[in-house]
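Peer 1:
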Amino acid sequence: MRLRPPLLLLAGSTVAAAVIAAPGVASAAPAAAKGPTVTVLNRTVIAPYHLAHSTSSVYVADGGTSTVSKLTSKGLVAVAHGPQGPAGEVAGVAINGKGTLAYTASDFAANVHTLTIKPKYGKTRTVDLGTFEATRNPDKFIRYGIDNPTQCQRDALDAAGVPVSYRGLVDSHPYAVSALPNDAWVVADAGGNDLLKVDKHGRISVISVLPRQPATITADAAAGLGLPDCVVGVVYNFEAVPTDVHLASNGRYIASLLPGGPEDPSLGARGKVYRINSHNGHWKVVGRHLAGATGVAVSAKGRVFAAELFGNRISTFTNGHRVTVTDLDQPAAVEWKHGHLWATSGALTPDGGAIVKIW
Numbered sequence: 255m256r257l258r259p260p261l262l263l264l265a266g267s268t269v270a271a272a273v274i275a276a277p278g279v280a281s282a283a284p285a286a287a288k289g290p291t292v293t294v295l296n297r298t299v300i301a302p303y304h305l306a307h308s309t310s311s312v313y314v315a316d317g318g319t320s321t322v323s324k325l326t327s328k329g330l331v332a333v334a335h336g337p338q339g340p341a342g343e344v345a346g347v348a349i350n351g352k353g354t355l356a357y358t359a360s361d362f363a364a365n366v367h368t369l370t371i372k373p374k375y376g377k378t379r380t381v382d383l384g385t386f387e388a389t390r391n392p393d394k395f396i397r398y399g400i401d402n403p404t405q406c407q408r409d410a411l412d413a414a415g416v417p418v419s420y421r422g423l424v425d426s427h428p429y430a431v432s433a434l435p436n437d438a439w440v441v442a443d444a445g446g447n448d449l450l451k452v453d454k455h456g457r458i459s460v461i462s463v464l465p466r467q468p469a470t471i472t473a474d475a476a477a478g479l480g481l482p483d484c485v486v487g488v489v490y491n492f493e494a495v496p497t498d499v500h501l502a503s504n505g506r507y508i509a510s511l512l513p514g515g516p517e518d519p520s521l522g523a524r525g526k527v528y529r530i531n532s533h534n535g536h537w538k539v540v541g542r543h544l545a546g547a548t549g550v551a552v553s554a555k556g557r558v559f560a561a562e563l564f565g566n567r568i569s570t571f572t573n574g575h576r577v578t579v580t581d582l583d584q585p586a587a588v589e590w591k592h593g594h595l596w597a598t599s600g601a602l603t604p605d606g607g608a609i610v611k612i613w
């Protein structure tokens, strides 16, 4: 996971930088006041971006070590490795009912972005998502930035190194994956701003291109960037940056968004959760006002949960309003398993992260 530099109105989608840490010792964390119990199950992960679970096992994608590991009673056991080195990353992981493991990987130095599908028995398949983005670029018709900018606004953003207006660029960063029926998979491409389906033959198709995310540049944000008054109050249309996706029992996709732009509070908590129609790709907002939505989970009854990396909490939604489930330090992932929430914490801390169980 690569984070955009803070305090910059970047319209790009790549999310931030390498995390180096040492493993710790598993322990129990105290519950939040009058909240659910949070138990730490493992502290040897470095940058735990996503979780996946089968009926009996839990897997973690560690972006810090570019590995997929299985959580066992003796700790984590590596089961797959992505590109190594400072430019290598494994971000998303999923497992289906047949025991087939899938994970997303990126080698940013080589500009290679893939989904690897590893059956319990049989041959491993690697699907080239980066080439699909380069040839199709599904969001190329979306215009980001400022609509109809004035000359003052153009000059100000040009001087600040911020793109004034542009169409969707060729940019792939497959950040999450989830299992679908019939040995297929859905991938959230944070760089391409879309949800992709990969069928059992490795063929890629577009489920939905997610909409641009408008935000008003406040006086504080403009002052922090040294921008003139002509930029204050302007609407800047950022990229969507999907960070997680699941297929709910009602046949709709649920996806979290960490919109492009600054990750400080200057433009407010802009993360969202969308419900996407699996037939036509149309979307509806399920929850908003999230501070860094990097993970989403759906319970068996359809309740939606979101991990807020910069809000330091796990949230749910009641009649469209955000409700805190529990406070948690830098949670990157959240999953629903057998009536409990599983999550990761400390995803960007120098001391490394953790896998926790909630309730």
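Positions in the sequence shown are counted from 1; adding 254 to them yields the numbering used here.
Idealized CB from N, CA, C, for every residue including glycine.
These figures come from a predicted structure and were not determined experimentally.
1) Could you tell me which uninterrupted alpha helix (DSSP H) segments, each at least 4 residues in length, are contained entirely in the stretch 282-357, listed from first to last along the chain?
2) Leucine 305 and valine 314 look like a contact to me (Cβ under 8 Å); what is the Cβ gap, rounded to whole Å?
3) Taking the C-alpha atoms as reference points, what is the distance between lysine 454 and aspartate 382?
4) Please say whether proline 465 and alanine 430 have beta carbons closer to each other than 8 Å?
5) Among the residues of its own chain, which have a CB less than 7 Å from the CB of serine 426, if the five just before and after it don't count?
6) For glutamate 589, which three-state DSSP category applies?
7) Taking C-alpha atoms, which residue in Ala561, Ser553 and Asp437 lies nearest to histidine 592?
8) Is it buried or exposed for proline 284, if we count other Cβ within 10 angstroms and need 16 for buried?
9) Verify whether the separation of the beta carbon atoms of valine 499 and tyrosine 507 is less than 8 Å.
10) For tyrosine 420, does the count of other Cβ atoms within 10 angstroms reach 16, so buried, or fall short, so exposed?
11) Answer yes or no: do leucine 369 and valine 452 have a C-beta to C-beta separation smaller than 8 Å?
12) If I follow the unbroken beta strand (DSSP E) through phenylalanine 571, where does it start and stop?
13) Residues bridged to isoleucine 508 by DSSP?
14) According to the neighbour-count rule (16 or more other Cβ atoms, all chains shown, within 10 Å of its Cβ), is threonine 548 buried or exposed?
15) Helix or strand or just coil, what does DSSP make of arginine 466?
16) Identify whether arginine 421 lies in helix, strand or coil by the three-state DSSP scheme.
17) Hey, out of Ser320, Val440, Val424 and Phe571, whose CA is closest to lysine 689's CA?
18) Who are lysine 538's beta bridge partners in DSSP?
19) Just the C-alpha distance for isoleucine 300 and asparagine 402, rounded to the nearest angstrom, thanks.
20) Please report the residue range of the beta strand (DSSP E) in which threonine 603 lies.
21) Identify which residue in Leu602, Val331, Leu595 and Phe564 has its Cα closest to the Cα of proline 516.
22) For alanine 413, report the span of its alpha helix (DSSP H) as first-last.
23) In angstroms, rounded to a whole number, what distance separates the CA positions of glycine 487 and serine 432?
24) So what's aspartate 474 in DSSP terms, helix, strand or just coil?
25) DSSP three-state label for serine 432, please.
26) Spatial neighbours of cysteine 484 within its chain, please: CB distance less than 7 Å, with the 5 preceding and 5 following residues excluded, ordered by chain position.
27) Nearest-angstrom Cα distance between threonine 472 and alanine 561?
28) If we count the other Cβ atoms within 10 Å of its Cβ and call it buried at 16 or more, is tyrosine 398 buried or exposed?
29) Could you pull the start and end residues of the alpha helix (DSSP H) that glycine 384 belongs to?
30) Please report the Cβ distance between threonine 572 and glutamine 584, rounded to the nearest whole angstrom; I am assuming they are in contact, meaning their Cβ atoms lie under 8 Å.
31) Quick one: what's got a C-beta closer than 8 Å to glycine 353's C-beta in the same chain, skipping five residues either side?
32) Per DSSP, which residues does tryptophan 613 bridge with? Please list them.
33) Of all the options Ser360, Val460, Ala359 and Ser320, which has the alpha carbon lying nearest to the alpha carbon of threonine 232?
34) Measure the alpha-carbon distance for tyrosine 303 versus leucine 511 and round it to whole angstroms.
35) In the DSSP assignment, find the unbroken beta strand (DSSP E) run with asparagine 491 in it and report its ends.
36) According to the Cβ coordinates, are alanine 414 and leucine 521 closer than 8 Å?
Peer 2: On the basis of the coordinates in this document:
1) Positions of the alpha helix (DSSP H) runs, each at least 4 residues long and wholly inside the stretch 282-357, cannot be given because no such run exists.
2) About 6 Å; that satisfies the 8 Å criterion.
3) Their backbone Cα atoms lie some 14 Å apart in a straight line.
4) Between alanine 430 and proline 465, the gap from beta carbon to beta carbon reaches 8 Å or more.
5) Excluding residues within five positions, the ones whose Cβ falls inside 7 Å are His367, Leu383, Gly384, Glu387, Asp443, Gly445 and Gly446.
6) Reduced to three states, the DSSP call for glutamate 589 is strand.
7) The residue among Ala561, Ser553 and Asp437 with its C-alpha nearest the C-alpha of histidine 592 is Ser553.
8) With a pLDDT of only 38 at proline 284, under 50, the local geometry of the prediction cannot be trusted, and no value is derived from it.
9) For valine 499 and tyrosine 507, yes; Cβs fall inside 8 Å.
10) By the 16-neighbour rule on beta-carbons within 10 angstroms, tyrosine 420 is exposed.
11) One thing to note: leucine 369 has its Cβ within 8 Å of the Cβ of valine 452.
12) For phenylalanine 571, the enclosing beta strand (DSSP E) begins and ends at 567-572.
13) In DSSP, isoleucine 508 forms a bridge with His500 and Arg529.
14) Sixteen is the threshold: when 16 or more other Cβ atoms of the shown chains lie within 10 Å of the Cβ of threonine 548, as they do, the residue is buried.
15) Coil.
16) Of the three classes helix, strand and coil, the one that applies to arginine 421 here is strand, per DSSP.
17) An answer regarding residue 689 cannot be provided, because it is not within the stretch 255 to 613 covered by the chain.
18) Under DSSP, lysine 538 takes part in a beta bridge, and its partners are Arg529.
19) Rounded to whole angstroms, isoleucine 300 to asparagine 402 spans 44 Å at the Cα level.
20) For threonine 603, no beta strand (DSSP E) encloses it, and the DSSP letter there is neither H nor E.
21) Out of Leu602, Val331, Leu595 and Phe564, the CA that lies nearest to the CA of proline 516 is found in Phe564.
22) According to the DSSP assignment, alanine 413 belongs to the alpha helix (DSSP H) that extends over 405-414.
23) Whole-angstrom Cα-Cα distance: 39 Å.
24) In the structure shown, aspartate 474 sits in a helix (DSSP, three-state: H, G or I).
25) For serine 432, the three-state secondary structure derived from DSSP is strand.
26) Excluding residues within five positions, the ones whose Cβ falls inside 7 Å are Thr404, Cys406, Gln407 and Ala410.
27) Cα to Cα, threonine 472 sits roughly 26 Å from alanine 561.
28) Flag for tyrosine 398 reads buried.
29) Counted as a single uninterrupted DSSP element, the alpha helix (DSSP H) harbouring glycine 384 occupies residues 383-390.
30) Between glutamine 584 and threonine 572 the Cβ distance is about 24 Å, and since that is not below 8 Å, they are no contact.
31) Ser308, Pro373 and Lys374.
32) In the DSSP assignment, tryptophan 613 is bridged to no other residue.
33) Coverage of the chain is limited to positions 255 through 613, which leaves residue 232 absent and any answer about it impossible.
34) Computed Cα separation, rounded: 14 Å.
35) 489-492 is the span of the beta strand (DSSP E), which, as asked, contains asparagine 491.
36) 8 Å or more divides the Cβ of alanine 414 from the Cβ of leucine 521.
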